[in-house]
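Undergrad:
In UniProt numbering, the protein residues as written are 1 to 58.
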């Protein structure tokens, strides 16, 4: 079918537990805060639901 598959090793430990490092994210396109268009956000909790990262929600 002509698919190209790539395998990548990434640092994703913070997705499954508490975040020990400072992580900042930009505002996603389409969800920009017009009052603060260049504002970035610090990630305080895990990025996914409780079932994937239960310790980060306490």
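Ideal placement from N, C-alpha and C gives every residue a C-beta, glycine not left out. On a predicted model such as this, the values are computed, not experimentally measured, just so you know.
To the nearest angstrom, report how far apart residue 3 and residue 42 are at their CA atoms.
TA: Each residue's alpha carbon lies about 36 Å from the other.
Undergrad: State the beta-bridge partners of residue 1 as determined by DSSP.
TA: DSSP output for residue 1 lists no bridge partner at all.
Undergrad: Quick one: Cα of residue 1 to Cα of residue 39, how far?
TA: Each residue's Cα considered, the two are about 43 Å apart.
Undergrad: On a Cα-Cα basis, can you pick out the residue from 35, 20 and 21 that is closest to residue 27?
TA: Of 35, 20 and 21, the residue nearest in Cα terms is 35.
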